[in-house]
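S.K.:
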Amino acid sequence: MTKAKQVDKKSLQFLEQYINNPSPTGFESEGQKLWLEYIKPYVDETFVDTYGTAVGVINPEAKYKVVIEAHADEISWFVHYINEKGFIYVRRNGGSDHIIAPSKRVNIHTDNGIVKAVFGWPAIHTRSGYEKEDTPKLNNIFLDCGCNSKEEVEALGVHVGCVITYEDEFMVLNKNYFVGRALDNRIGGFMIAEVAKRLKANKKKLPFGLYITNSVQEEIGLRGAEMIVQRIKPDVAIITDVCHDTQTPLINKIEQGDFFAGKGPVLTYAPAVQNNLLKQIIKTANDNKIPFQRLAASRATGTDTDAFAYANGGIAAALISLPLRYMHTTVEMVHQDDVLNVIELIYQTLLSIRENQNFNYIQ
Ligand SMILES: [Zn+2]
Numbered sequence: 001m002t003k004a005k006q007v008d009k010k011s012l013q014f015l016e017q018y019i020n021n022p023s024p025t026g027f028e029s030e031g032q033k034l035w036l037e038y039i040k041p042y043v044d045e046t047f048v049d050t051y052g053t054a055v056g057v058i059n060p061e062a063k064y065k066v067v068i069e070a071h072a073d074e075i076s077w078f079v080h081y082i083n084e085k086g087f088i089y090v091r092r093n094g095g096s097d098h099i100i101a102p103s104k105r106v107n108i109h110t111d112n113g114i115v116k117a118v119f120g121w122p123a124i125h126t127r128s129g130y131e132k133e134d135t136p137k138l139n140n141i142f143l144d145c146g147c148n149s150k151e152e153v154e155a156l157g158v159h160v161g162c163v164i165t166y167e168d169e170f171m172v173l174n175k176n177y178f179v180g181r182a183l184d185n186r187i188g189g190f191m192i193a194e195v196a197k198r199l200k201a202n203k204k205k206l207p208f209g210l211y212i213t214n215s216v217q218e219e220i221g222l223r224g225a226e227m228i229v230q231r232i233k234p235d236v237a238i239i240t241d242v243c244h245d246t247q248t249p250l251i252n253k254i255e256q257g258d259f260f261a262g263k264g265p266v267l268t269y270a271p272a273v274q275n276n277l278l279k280q281i282i283k284t285a286n287d288n289k290i291p292f293q294r295l296a297a298s299r300a301t302g303t304d305t306d307a308f309a310y311a312n313g314g315i316a317a318a319l320i321s322l323p324l325r326y327m328h329t330t331v332e333m334v335h336q337d338d339v340l341n342v343i344e345l346i347y348q349t350l351l352s353i354r355e356n357q358n359f360n361y362i363q
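Counting with UniProt numbering, you get residues 1 to 363 for the letters of the sequence shown.
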């Protein structure tokens with residue numbers, strides 16, 4: 001079988017729809033419904049938890065359980081303070097970047113639907129000495145929704161606590177790079193769904209229960225994963241998230257390492273990563289000629305891997321990352337080849353896991 005060089009059309013359609021749908025941390029439900037709809041034909045059953053983490057299950061009766069996981073939430077802003085002139089100050093919901101805010105168009109999510117607004121910024125002409133001028137900060141960026149008073153803003157349905165997302169939508173650059181908001185990590189939700197789709201298409205039977213898990217609330221501290229791991233109680237967890245491509249300007253490789261979008265999935269070394277599972281993933285990559293890169297994490301991986309590894313007395317966990325440019329901007333970029341190779345690597349690794357396989361270091 002020759003390997004696909006492009007994501008197939010139907011899958012790409014779903015990806016575009018999924019990325020364009022806002023999914024702010026804590027408010028992911030609409031995106032989760034889209035994802036569940038997409039994955040349903042490829043799994044035996046689905047379930048959700050109280051906060052909206054969504055799971056598709058293959059072989060739900062099996063005792064031995066393997067998770068493949070991504071996170072579904074998108075960084076966003078909260079309406080924090082509306083001043084008497086009708087300008088809105090914001091709080092972060094996740095690691096939203098103040099530097100990119102000025103001049104962006106946004107959607108404020110209200111009970112009456114979307115209210116449009118813009119991050120304003122004083123004109124260049126009105127700023128004296130702009131060599132050492134103020135840069136955008138959390139306390140000087142503000143939204144303008146075309147109102148002249150707090151009352152007018154409130155009449156639109158905007159109140160403190162409304163979430164705010166950017167308008168920017170999905171696109172493809174040079175037929176190779178997918179671009180969009182919060183590809184971190186909805187591209188992961190897409191990839192694990194594609195694994196399920198491939199298992200179904202190739203009529204593969206697994207000797208374990210597979211839990212395809214799209215967790216909420218990663219961006220504020222791995223919270224969705226912390227919740228769902230206790231419900232599933234898996235034996236093995238393969239996590240996918242994004243990491244930094246470090247080839248673009250202004251990134252220090254001594255600090256950030258040397259990673260290329262387009263050169264394959266990134267495999268992390270860290271105490272939370274179970275080495276026997278990692279070795280099996282590396283062997284799988286080599287056996288199937290899937291390129292990969294290596295990353296060393298200091299202490300924690302900072303991904304849902306940590307939440308899975310350290311739960312329920314310890315779960316064999318590993319992290320397969322996708323190199324991404326411009327993390328937490330509205331133009332996050334990933335290479336299509338890497339997307340296909342992460343799908344392939346997770347798929348082949350699942351096929352390599354034996355019935356009741358014991359990953360313990362000391363046997
Ligand atoms: Zn993130």
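Backbone N, C-alpha and C define an ideal beta-carbon position, used for all residues, glycine too.
Give the list of continuous beta strand (DSSP E) stretches no shorter than 3 residues that lie fully inside the region 136 to 221.
M.R.: 163 to 166, 171 to 173, 177 to 180, 209 to 215
S.K.: May I ask you to list the residues that DSSP assigns as paired with residue 292?
M.R.: DSSP output for residue 292 lists no bridge partner at all.
S.K.: Between residue 235 and residue 241, what straight-line distance do the alpha-carbon atoms span, to the nearest angstrom?
M.R.: 20 Å
S.K.: Going by beta carbon distance, what residues of the same chain come within less than 6 Å of residue 53, once the five residues before and after it are set aside?
M.R.: 215, 216, 224, 228
S.K.: Give the range of the alpha helix (DSSP H) segment to which residue 31 is assigned.
M.R.: Residue 31: member of the alpha helix (DSSP H) spanning 29 to 39, first to last residue.
S.K.: Rounding to the nearest angstrom, what Cα-Cα distance links residue 347 and residue 202 in this structure?
M.R.: 11 Å
S.K.: Can you tell me which of 295, 230, 46, 279 puts its alpha carbon nearest to the alpha carbon of residue 254?
M.R.: 295
S.K.: Exposed or buried, which one is residue 269 when buried takes at least 16 other CB atoms within 10 Å?
M.R.: Looking at its Cβ environment, which holds fewer than 16 other Cβ atoms inside 10 Å, residue 269 is exposed.
S.K.: Mind the definition here: the region 315 to 334 touches the region 204 to 213 only if three or more C-beta pairs lie below 8 Å; say whether that holds.
M.R.: no
S.K.: Taking the alpha-carbon positions, what's the residue 150 to residue 158 distance?
M.R.: 10 Å
S.K.: Would you grab the beta carbon distance between residue 106 and residue 87 for me? Rounded to a whole angstrom, and I think it's under 8 Å.
M.R.: Wrong, their Cβ atoms sit about 13 Å apart, outside the cutoff.
S.K.: Would you call residue 45 buried or exposed, if buried means 16 or more other Cβ atoms sit within 10 Å of its Cβ?
M.R.: Taking all protein chains shown into account, residue 45 has fewer than 16 neighbouring C-beta atoms within 10 Å of its C-beta and is therefore exposed.
S.K.: When the Cα atoms are used, what is the spatial distance from residue 78 to residue 148?
M.R.: 20 Å
S.K.: Are at least three pairs of beta-carbons, each pair with one atom in the region 32 to 40 and one in the region 91 to 101, less than 8 Å apart?
M.R.: no
S.K.: Apart from the five residues on each side of it in sequence, which residues of its chain come closer than 8 Å, Cβ to Cβ, to residue 1?
M.R.: Since pLDDT at residue 1 reaches only 42, below the 50 mark, its modelled position is unreliable, and no value is offered.
S.K.: Here's the rule: buried if 16 or more other CB atoms are within 10 angstroms of the residue's CB, otherwise exposed. What is residue 123?
M.R.: exposed
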